[in-house]
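Below is one structure, written out as structure tokens; comments come after it.
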Amino acid sequence: MFQATVLTISTLFAQGAAGFTPSPTLVQGSTNQYDGLSIVNARIGSHSQLQQLRDAGVHPLTCFDHEGPIPMLFTKEHYKLASSLRIEINVLEPSVEKYLENFALLRAESRTRGIGGWYSDFKTWGEVNTKLSQIESENPNIATMITVGTTHEGRSIHGIRITAPGDASSRKQILWNGCQHAREWVAVMVPMYIIDGLVDGWHNDDEIRTLLEKTEVIIVPIVNPDGYEFTYAPGGNRFWRKNRRNNSGSCEGVDLNRNWGYEWNGGDSTSNDTCSDVYVGPGVFSEPETQAMRDLVNQLPNLVAHIDFHSYSQLVLEPWASSNNTPPRENIVKALSGKISDAIASIHGETYVAGTGGDLLYLADGVFPDWVTNIGALSYTIELRPTGSPGFDLPPEQILPTCEESFAGAMEMLRFVNTPISFSFPSGTPILVIAGEIFEFPVHIESIFADEIIENSALLHVRYGDEGVFAQRPITYVEGTEFEVALPVSLCGLQSEYWISVKTTDGETHRYPQGSETLQAGVASEVMQWNMNTNPGWTTSGQWAWGTPSGNGGEYGNPDPTSGVTGQNVYGYNLGGDYANNLQQTHLTTGSIDVSDISNLQLTFARYLNVEQPVYDHAYVSARVDNGAWTTVWSNTLTIEDNSWQTVLYDLSEIVSEGSSLQIRWTMGETDGAWRYSGWNIDDVQLLSTANSAIQGDVNCDGLVNVTDVLDVVSNWGACVGVCNEDIVPDGTIGVGDLLTVIGNW
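Here our numbering is used: the first residue of the sequence shown is 478, the next is one more, and so on.
Shown next as structure tokens:
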């Protein structure tokens, strides 16, 4: 909906500010309270600029106002102020009145067409309550409508409990809610769709039926009924965020998501000004809406997980919102946020980036999920569609897709809390490994709700190829929740297929992946390798350099490392600290590499990268052949804050198929004028070629299984150190199992 029109402030005033004769504020109850208002994108360069706009009563059209580009409602006076502060302004919608008229037409047209049924258009508080009542009456055995509390203006806050019939007192409990912020209309539709999905699943889906037999789900679609109704009301305000507390002045309302009792009024994205959109209220839990939700949570003794739905930005926000401190059960928190993000992407391909508010947005105090985290449950904020424009006014045709992908994320949480053990892989699982090596990688194994893990019970179950028995090899316990997997890799090119198991003190065995699924690692041979112990002599620009990183930097994100992975030296951008503001693109470029007659080429390297999200700062990996145009292999899609070396892998096979001389390039920049991060560090660069298919039972890699392979096994009978060709069932011993595998594949 927001159609960007780039105009300077001087141009606007030179034109007589046609269409821009705004009143200083939104006049509640006027015949047209939107007269003269426009929507702009203001590029905020400093906290001082932001504070002066706040003090002038500017309303941001985001969940949090912050430095950098941000959409805002502007009056004529605000343009003058922005001009005096030298803030760059892009006009997105010259007339709010016209913009909202067009949006109303879109809604009416969508409701008339009816595509998506109930989800063809946004619904009022009354329509939501009618549907909740209908769901209860049609499904009395599993659905119970509840009244959570009453608002300032006397409206009821309704919700619904969904669980299987029978005694639910020992079942895990999940809470999902929407619409703490009044203008976030799609954050009402999503919880309603989840209710529909669970009820329908009870009747038609075995998995959902099983999960509801173990879980009670409580859903409150509208936490802020007064504010929500005000966004629909004649004389109201479509962009209203807060509740409708009477503050005994000209400015009403409290930001409910700054009124919670964890770090209340802490100063991060908060205000004590009643006119501010982030006004914290006269006291902690001062509002009947937050009191009602607090009391509901306190009546859920088995609460294990929570989602607070908002819009917009397409994010899965982990705790803490109020600080950059590590949350309790960090590995579990990140494992679940990653699963939710992946599940959402699997429906319509939309990316919801997972991370903390400090990483992806900015800090905020007194928020609901922090309070829930502090009492011991897993709690997240999900920012729904879109990523940016059109902001809160999501086109009606996107309501149903947003609901569908969000339901997938909610289902992932429902599954997760009913899985007692969390397996997470901080460096990922290997995709491509070198033939004949033992590939080591960490796994964090942590109990979510089960008994304690038996540390020496962790096992790797592995085989070469996709047939035959799985050998068992012990997984090494390191410390805390960390274990080290040593994955053997076939010398002859068969992929390693594997899974992991661990036992808990309640006698149960837990498996990753679940069910009968397995993980696979393909096999490759090395084409070229640079371990950075010596300087490769690549071409650099800007502050790219080879040497030992200093461990400095980290104004935001993490500082540089103090060494490489396998030695002291790396290639990095500014080995002494952070990258600069307003940086143009600078490059690290390899020399020409002969890749003629090489197929299935893969690039892998160790990365230690800190960079802000690409709205502001950029990092790239590119490649080209025969001095042609550069092709982007990878670019950051989110803020990256590596605090350990990460191994990454990129497929170059399509690029090198068009030529014989390859170059690879790493790019730092462009960057904006605000937050600075420590940038690129690169080590252990390899070019790999994936191996051709092999035959199970082929000991000497000649493509045949015959008597020679039998004799090789017999002559090497006994213990195997490392990786042995004859150890076909890779259990570390050459014996009967290997001999039978050869004979069986003769």
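For glycine and all other residues, C-beta sits at the position ideal for the given N, C-alpha and C.
Own chain, CB closer than 6 Å to residue i, minus 5 neighbours either side, in chain order
i, result
"G1209", "C1197"
"E565", "R520"
"G1136", "V1102, D1103"
"Y576", "E570"
"A831", "V793, S814, G815, S818"
"R722", "H629, G730, V731"
"D1094", "V1088, T1148"
"G1214", "V1206"
"N1113", "V1088, P1091, A1096"
Other residues of its chain near residue i: CB distance less than 8 Å, five sequence neighbours each side excluded
i, result
"V1042", "A1083, W1122, D1160, D1161"
"R988", "W976, I977, S978"
"P765", "G626, T627, T628, H629"
"P501", "At P501, the pLDDT of 29 sits below 50, so the modelled position is not reliable and the matter cannot be decided from this model."
Nearest residue (CA-CA) to residue i, options the options
i, options, result
"I915", "V1200, W595, G992, R632", "V1200"
"R632", "Q650, R638, G603", "G603"
"E961", "L936, W1194, L968, E974", "L936"
"F947", "I931, K980, T995, T986", "T995"
"S746", "V757, L1126, R638", "V757"
"Q791", "A782, N749, T858", "T858"
"F887", "I671, L1129, E1089, H536", "Note on residue identity: the sequence assigns Ala, not Phe, to residue 887. Checked all of I671, L1129, E1089, H536; the closest Cα to A887 is I671."
"I1141", "A1100, N801, E985, S748", "A1100"
"I931", "P907, E985, L964", "E985"
"L840", "K691, S800, A854, Y1050", "S800"
"P546", "L558, E574, G522, H536", "G522"
"T828", "V844, W848, E882", "E882"
"L838", "D682, W1107, E860", "E860"
"A822", "N606, Q991, S901, F884", "F884"
"V761", "T607, N779, W741, Q776", "W741"
Residue i - containing beta strand (DSSP E), residue span
i, result
"Y989", "986 to 989"
"G626", "620 to 627"
"N654", "649 to 655"
"F845", "Not the beta strand (DSSP E): F845 falls in the alpha helix (DSSP H), residues 845 to 851."
"K980", "973 to 980"
"V1098", "1096 to 1102"
"D1204", "Here D1204 belongs to no beta strand (DSSP E), and DSSP marks it neither H nor E."
"N606", "Per DSSP, N606 belongs to no beta strand (DSSP E); it is in the alpha helix (DSSP H), 602 to 615."
"I911", "909 to 911"
Opposing strand residues paired with residue i [DSSP bridges]
i, result
"R950", "L937"
"H787", "E860"
"Y1050", "W1021"
"H635", "T624"
"Q1163", "Q1006, T1081"
"F960", "V920, Y954"
"M549", "V517, P537"
"I696", "I637, W653"
"I898", "S924"
"A931", "In the sequence under discussion, the amino acid at residue 931 is Ile, which differs from the Ala named in the question. Beta-bridge pairing links I931 to no other residue."
Chain-order list of residues whose beta-carbon lies under 7 Å from that of residue i (same chain, five-residue window excluded)
i, result
"D836", "T1116, E1118"
"I1211", "V1190, N1193, W1194, G1195, C1197, C1201, E1203, D1204"
"T508", "For T508, the predicted model reports a pLDDT of 45, less than 50, meaning its position is unreliable and no value from the coordinates is stated."
"T864", "S790, Q791"
"T751", "N724, G726, C728"
"N734", "Q657, H658, V844, F845"
Endpoints, the alpha helix (DSSP H) within which residue i is located
i, result
"N808", "807 to 825"
"M890", "876 to 894"
"E923", "That residue, E923, is in no alpha helix (DSSP H); its beta strand (DSSP E) goes 915 to 924."
"H680", "663 to 681"
"S560", "553 to 561"
"D1215", "1213 to 1221"
"Q776", "Looking at the DSSP string, Q776 is not in any alpha helix (DSSP H), and its letter there is neither H nor E."
"V1133", "1130 to 1133"
"V573", "573 to 590"
For residue j and residue i, believed in contact at Cβ under 8 Å, the rounded distance
i, j, result
"P668", "I696", "5 Å"
"L688", "R892", "7 Å"
"I809", "E923", "6 Å"
"A963", "L855", "Going by Cβ atoms, the distance from A963 to L855 rounds to 31 Å, so no, they are not a contact pair."
"Y511", "V568", "Between V568 and Y511 the Cβ distance is about 15 Å, and since that is not below 8 Å, they are no contact."
"V1000", "P965", "About 11 Å; that fails the 8 Å criterion."
"I623", "H635", "7 Å"
"L968", "T1167", "15 Å between Cβ atoms; not a contact."
"N1010", "W1023", "Wrong, their Cβ atoms sit about 11 Å apart, outside the cutoff."
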